[in-house]
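Going left to right, the sequence shown walks through residues 903 to 1468 as my numbering numbers them.
Reading through the structure tokens given below for one structure.
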Amino acid sequence: MKGIGASPGISIGKAYIKKDDIDIKKYNIDNVNEEIKRFHKGLCNSKSQIEELIEKTKKDIGKEEANIFKSHKLILEDPEFIGQVEEKIEMNYINSEWAIKEVIEFFMDLLGNLDNDYIKERKADFKDVSNRLVRNLLGKRGVDFNEIEEGAIIIAKDLTPSETINIPKDRVRGFITEIGGKTSHTAIMSRNINIPAIVGVGKILRDLENEDIIAMDGETGEFHINPEKRIIDMYEKRKIEYEKYRKKIKNLIGTKSVSKDGFQVSIGCNIGSIDDLDYVIGNDGEGIGLFRTEFIYMNRHSLPTEEEQYDKYRLVAEKMEGKPVIIRTLDIGGDKEIPYLNLPKEDNPFLGFRAIRYCLENRDIFKTQLKAILRASAHGNIKIMFPMISSVGEIRSAKKILEEAINELSKGNINYNKNIEVGIMIEIPSAALISDKLAKEVDFFSIGTNDLLQYTVAVDRLNERISPLYCQYHPALLRLIKMIIENGHKNNIWVGMCGEVAGDTKLVPILLGLGLDEFSVSPSSVLKVRDSITSLDKKSMEEHALNVLDLSGGDEVLRYINKNIK
Ligand code: PEP
Ligand code: MG
């Protein structure tokens, strides 16, 4: 069976099935004041539990994860939420639990039904908070992890972030959830606490019982229920190999990313928040190849000010101590919604009014961000990157606004790096095809394969129904990558890649052969990619790259790589 590998590692253990146990009943109350008091007592208990969780998470995992619970506390303190629950109790004479259920459902509806990770996460947060509140009102405890025995693999419909943090790490060997994606909070936390995890496996709870034996591979997403001995032996062997591999790549901390024949690349990291930085530094990231700044605009009710942004960008630059930090300007739209911007609904948001298109029409918002980035550039090695560029005209327009921002800072005698590098993402086929022209306008390219692939093969990157067609081994994508790198180099600019392909160790040899200068990957992949680069010979990879470009399909490319490279 197969799901989405969310946290690597091999485990064999006994299933522990987590049941969803809250059954909310509606009933009428006589005394409104007493009921509102009861609601507030529930709020108060829930808040103190969350405060404890914030502290525990900070200590056990990190500040970023603790922020998840801070946002839970904010929901409980939100006057809008409290007011609406009170109003329902007063108007309808109903119990607090039912009023909470209705208000939370209303909040979740407001978020809409977009199948995107941000919306899913916000909904999961609401659910987590309301479950806690209702449990406290009913005097029920949550999942009792104390009863979990050593060697358990938790199987659940979903795990909330609060459940994930409370998992007894010494006794749990992994978890598998029916829903969820690779970038869900739960998946991120499981990676940080090093517990193998598989998410999004679909309906399996009905086929399982407590104590069933599970063998799982959190990298590939494969798992077996009550497997025969042969499979268990195979997983045992893979587990030993995996642990040896982890130990080996840890030794690469502090070393350079140089191929056997002396070609050096840089391996930076993709981040979405300043809290990811500890993880970047812990994994020896050589810079930030992509700072997805749109997350600074999300999870709040209004635009971040220049000052707020400046503080964040400056902190990243300072923490990276002179290593490059590429700050991508606002890339909203598509799967990234910012509700308070009230963007009109579009039939094809991925082909719509997004990213640089939005910024060029909302110059004030754009200029505020550019000024914040420029000011921060006085404190480190910051570079600016524009997303979703499809033509030369767009770069020129974006650079004009950048110039205005520069002039305003100069007039105010405000410091910034006068030689700041300006680059673009190449993530639209038109940009790849005219990359010879685009290269004359900028200092670097970063290839965004997540979008470049979806536009090249015409497959929505979020649509699970057609996900097999979203194949990163497609020779069309590889040919575009070759063209972009060549055009960049011909014009003396460096070319990086910040899409997920940069962390795919099957494709790293091909990218090395094509001459990619910089790989920007998730922090947990830095050492894996360095291990791959240092074991390869660039000259031979050049030949393999030419061979795969001549194949006719993704399956052939993958077969070629599996057969001929390491
Ligand atoms: C990409 O498109 O490859 C990319 C890195 O940007 P995002 O995933 O944020 O769209
Ligand atoms: Mg993109």
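We put the CB at the ideal spot given by N, CA and C, even for glycine.
Would you kindly work out how many angstroms separate the C-alpha atoms of residue i and residue j, rounded to a whole number?
i, j, result
"K961", "Y1181", "15 Å"
"E1239", "K1022", "12 Å"
"D1233", "Y1260", "9 Å"
"F1347", "E1080", "39 Å"
"I906", "M1222", "32 Å"
"D1186", "G1398", "18 Å"
"E1124", "K1105", "15 Å"
"A1360", "P1289", "19 Å"
"D1177", "E967", "8 Å"
"G1282", "L1192", "15 Å"
"A1334", "V1403", "16 Å"
"D1419", "D1345", "13 Å"
"G1254", "K1146", "47 Å"
"R1140", "I914", "11 Å"
"I1336", "R1073", "55 Å"
"D1163", "S1442", "10 Å"
"Q1356", "G1417", "23 Å"
"G1082", "L1061", "9 Å"
"S1204", "L1243", "8 Å"
"E957", "K965", "9 Å"
"C1171", "I1303", "28 Å"
"K1149", "V1423", "20 Å"
"Y1144", "M1287", "37 Å"
"L1110", "A917", "8 Å"
"N1112", "A1054", "10 Å"
"H1446", "F983", "59 Å"
Could you please give me the residues that DSSP links to residue i through a beta bridge?
i, result
"M903", "Its beta-bridge partners do not exist; DSSP assigns none."
"H1126", "A1117"
"L1192", "N1172"
"P981", "Paired residue(s): none; P981 is not in a bridge."
"F1197", "None, per the DSSP bridge assignment."
"Y918", "I1056"
"F1288", "I1326"
"F1346", "G1325 and W1396"
"N1283", "P1226"
"I1383", "Paired residue(s): none; I1383 is not in a bridge."
"N930", "I996"
If we call anything under 7 Å between Cβ atoms a contact, is residue i one with residue j?
i, j, result
"A1089", "K920", "no"
"S948", "N1068", "no"
"G1295", "E1329", "no"
"P1251", "G1236", "yes"
"P1411", "L1438", "yes"
"A1307", "L1354", "no"
"I1078", "I1050", "no"
"A1278", "A1219", "yes"
"E1196", "I1169", "no"
"N1033", "I952", "no"
"K1440", "S1064", "no"
"R996", "F1028", "This sequence places Ile at residue 996; Arg is not what is there. Contact: no."
"L945", "F971", "no"
For residue i, which three-state DSSP category applies?
i, result
"Q1211", "helix"
"K1152", "helix"
"T1351", "helix"
"Q1374", "coil"
"F1255", "coil"
"G1184", "helix"
"M1443", "helix"
"T1079", "strand"
"I1228", "strand"
"V1074", "strand"
"V1167", "coil"
"V1361", "coil"
"G1417", "coil"
"S973", "helix"
"N1068", "helix"
"V1103", "coil"
"A1089", "helix"
"I1297", "helix"
"G1235", "strand"
"S1422", "strand"
"L1096", "According to the sequence provided, residue 1096 is Asn. The question's Leu does not apply to it. N1096: coil per DSSP, three-state reduction."
"S1204", "coil"
Any heavy atom of the ligand NAP closer than 6 Å to the beta-carbon of residue i?
i, result
"N1352", "Absent from the structure shown: the ligand NAP. Ligands present: the ligand PEP and the ligand MG."
Given 8 Å, three or more beta-carbon pairs between the region 1386–1395 and the region 1336–1353: yes
Given 8 Å, three or more beta-carbon pairs between the region 1124–1139 and the region 1353–1368: no
Three-pair Cβ contact test at 8 Å for the region 1196–1203 versus the region 1446–1463: no
Three-pair Cβ contact test at 8 Å for the region 1375–1386 versus the region 1427–1446: no
Three-pair Cβ contact test at 8 Å for the region 995–1005 versus the region 1211–1231: no
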